[in-house]
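First up is the structure itself, then whatever we jot down about it.
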Amino acid sequence: MAIERTLSIIKPDAVAKNVIGQIYSRFEGAGLKIVASRMTQLSRADAEGFYAAHKERGFFKDLVDFMVSGPVMIQVLEGENAVLAHRDLMGATDPKKAEKGTIRADFAESIDANAVHGSDAVEAAAVEIAYFFPALNVYSR
Ligand code: RTP
Ligand code: MG
Numbered sequence: 000m001a002i003e004r005t006l007s008i009i010k011p012d013a014v015a016k017n018v019i020g021q022i023y024s025r026f027e028g029a030g031l032k033i034v035a036s037r038m039t040q041l042s043r044a045d046a047e048g049f050y051a052a053h054k055e056r057g058f059f060k061d062l063v064d065f066m067v068s069g070p071v072m073i074q075v076l077e078g079e080n081a082v083l084a085h086r087d088l089m090g091a092t093d094p095k096k097a098e099k100g101t102i103r104a105d106f107a108e109s110i111d112a113n114a115v116h117g118s119d120a121v122e123a124a125a126v127e128i129a130y131f132f133p134a135l136n137v138y139s140r
C-alpha cells in the first residue's frame, strides 16, 4: 500500500455549521493523519487559482463566490491510499447522490455548498498541497 498525501478543505458551509471536529474525527477514524492545517479566508484570487481547472465551466463564478463566503479549514492528510480513502469518506459531489454515512451525505446542503473538497489524484494533490502549504509547514510523524 502506498503512503500518500492529499489536500482537504472544509468549505465555508461546514465551518459555519461548526462540524470541523466531527469531520476531523472521520479522517482519524479512517487512519488518515492531519499533518498540516490552517484556517483562512480565501481571497477571490486564491479561490480562482485553486479551481483554475474549472474556469471555463458554467458553475465557476458560483463556486468562487461560495469559497470566499466565509472561512475555510485547509489540511493535508497522510495515510495509505490517502487520495482515494479521502474521496470515499467525502462521498459524491452532489450530496443527494452521496452514499449514506459519507461527509457530504451527512453535512452538505447542495452541489454548491457541499462541505468538503478533496484532491482527485496524487498529481493534483501535490500541486494543491504546494498551493496552500510551504514544505516547512508540513509535519510527518
Ligand atoms: P471538489 O473539487 O470541491 O472536491 O469537488 P469534486 O471533485 O467532487 O467536484 P468537481 O467536479 O471538482 O467540482 C468542483 C466543485 O464545483 C462545484 N460544482 N458545481 N453545479 C454544478 O454542476 C457543479 N459541478 C461542480 C461543486 O461544489 C464541486 O465541489
Ligand atoms: Mg474536484
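Last residue of the sequence shown: 140 (numbering that gives the first Met the number 0), numbering continuous. Ideal Cβ placement from N, Cα and C applies to all residues, glycine included. Predicted model only: the values in this text are computed from it and were never measured.
Beta bridge pairing from DSSP links G78 with E3. Between V18 and A46, the C-beta spacing is not below 8 Å. For D119, the distance from the CB to the nearest heavy atom of the ligand MG is below 7 Å.
L6 and I128 do touch by the CB rule: their CB atoms are close to 5 Å apart, below 8 Å. Of all alpha-carbon atoms in K96, R140 and I110, the one lying nearest the alpha-carbon of D61 is that of I110. L31 is positioned such that its CB atom lies closer than 8 Å to that of H85. Per the DSSP secondary-structure output, R37 pairs in a beta bridge with I73. Put simply, the segment 89-97 does not touch the segment 47-59. Fewer than three CB pairs are less than 8 Å apart. Around the C-beta of M38, fewer than 16 other C-beta atoms lie within 10 Å, and the residue is accordingly described as exposed.
Relative to the ligand RTP, the nearest heavy atom lies less than 7 Å away from the CB of I110. Excluding the 5 residues flanking it on each side, R43 has same chain C-beta neighbours closer than 7 Å at V63 and V67, in chain order. Residue environment for Q21: exposed (fewer than 16 other C-beta atoms within 10 angstroms of its C-beta). In the structure shown, the three-state DSSP call for K32 is strand.
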